[in-house]
Amino acid sequence: GAGVSQTPSNKVTEKGKYVELRCDPISGHTALYWYRQSLGQGPEFLIYFQGTGAADDSGLPNDRFFAVRPEGSVSTLKIQRTERGDSAVYLCASSQGLAGVQTGELFFGEGSRLTVL
Amino acid sequence: AQTVTQSQPEMSVQEAETVTLSCTYDTSENNYYLFWYKQPPSRQMILVIRQEAYKQQNATENRFSVNFQKAAKSFSLKISDSQLGDTAMYFCAFRRGSQGNLIFGKGTKLSVKP
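So the sequences go chain by chain: A and B. Using my numbering, you'd call the opening residue of the first sequence number 77 and step up by one each time. Using my numbering, you'd call the opening residue of the second sequence number 2 and step up by one each time.
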């Protein structure tokens with residue numbers, strides 16, 4: 077696609093429920109990133125994929141958070157047993173990675189706003 | 002560990018005037034990238050300007066320019082001829098090398114007043 081696409085745009089769920097957030101990166105981008113942005117804060121890194129594998133998952137806060145990218149394109153961020161503190165905007169970004177010209181730039185989607193009641 | 006600090010939570014400027022947003026960072030790396038991203042209410046982060054650490058010349062993109070002081074680890078953004086559409090959150094970000102994640106500051110909320 078032309079840009080990074082994230083769905084859903086908004087998600088309201090109840091405490092304890094399971095949530096999936098989807099990211100469709102720019103076609104051909106090998107690197108994909110997930111960030112979490114709480115109100116009034118800058119984005120915080122969660123996980124980074126190079127192709128299908130997680131190159132760095134050091135930002136995942138605990139084992140309730142998990143992300144996959146099985147075919148090296150679309151990625152899903154999965155949150156189990158959601159808590160009120162998980163409420164935030166979840167941003168996805170992609171970049172050229174190793175295969176393309178290295179500009180260092182990340183291209184972001186519009187994010188998925190998660191509200192846990 | 003790398004850190005990025007933006008010491009101005011909010012700034013305002015009159016339309017057509019010039020404003021400078023501050024950013025400092027801490028790293029022991031020698032090869033890195035610095036960025037300024039703009040985030041309007043739509044939430045999408047938009048790249049404003051990029052600086053490679055190995056380049057001594059300050060980057061410029063139309064009305065946007067940076068003052069990159071590598072020894073001082075400072076990377077400020079100057080917006081000239083401010084426009085109402087420049088109103089947004091501005092985030093300074095650091096990236097080690099040309100791979101890996103971005104580390105963001107907490108942002109500066111810029112308001113351009115008519």
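Positions of the beta carbon are idealized from the N, C-alpha and C atoms, including for glycine.
Asked, Found
"Taking residue 127(A) as the query, report the chain B residues whose CB atoms sit under 8 Å from its CB, ordered along the chain.", "Result: empty, since nearest Cβ-Cβ is about 12 Å, beyond 8 Å."
"Please state if the CB of residue 50(B) and the CB of residue 22(B) are separated by a distance shorter than 8 Å.", "no"
"Let me check understanding here. Comparing Cα to Cα, which of 14(B), 71(B), 58(B) lies closest to residue 89(B)?", "14(B)"
"Throw me the rounded Cβ distance for the residue 68(A) and residue 166(A) pair, which I believe falls under 8 Å.", "Residue numbering for chain A in the displayed model covers 77 to 193; residue 68(A) lies beyond these limits and cannot be assessed."
"Any C-beta of chain A within less than 9 Å: which residues of the region 41-66 of chain B qualify?", "43, 44, 45, 46, 47, 48, 51, 53"
"Cβ closer than 7 Å: which chain A residues qualify as neighbours of residue 102(B)?", "109, 121, 124, 132"
"What separation, rounded to the nearest whole angstrom, lies between the Cα atoms of residue 44(B) and residue 168(A)?", "11 Å"
"Identify, in the order they occur along the chain, each residue of the same chain with its Cβ nearer than 8 Å to the Cβ of residue 94(B), setting aside the five sequence neighbours on each side.", "5, 35, 36, 37, 38, 103, 104, 105, 106"
"Which of the three DSSP states, helix, strand or coil, is assigned to residue 160(A)?", "helix"
"In terms of residue numbering, what span does the beta strand (DSSP E) encompassing residue 111(A) cover?", "107-113"
"Locate the beta strand (DSSP E) running through residue 112(B), then write down its first and last residues.", "109-114"
"For residue 86(B), would you say it is in contact with chain A, using Cβ-to-Cβ distances shorter than 8 Å as the test?", "no"
"Counting pairs of Cβ atoms below 8 Å between the region 129-147 of chain A and the region 77-91 of chain A, do you hit three or more?", "no"
"Can you tell me where the beta strand (DSSP E) holding residue 98(A) begins and where it ends?", "95-100"
"State buried or exposed for residue 170(A), treating a residue as buried only when at least 16 other CB atoms are found within 10 Å of its CB.", "buried"
"Hey, quick one: how far does the beta strand (DSSP E) through residue 53(B) stretch, first residue to last?", "47-53"
"If you reduce the DSSP assignment to three classes, tell me which class residue 118(A) lands in.", "coil"
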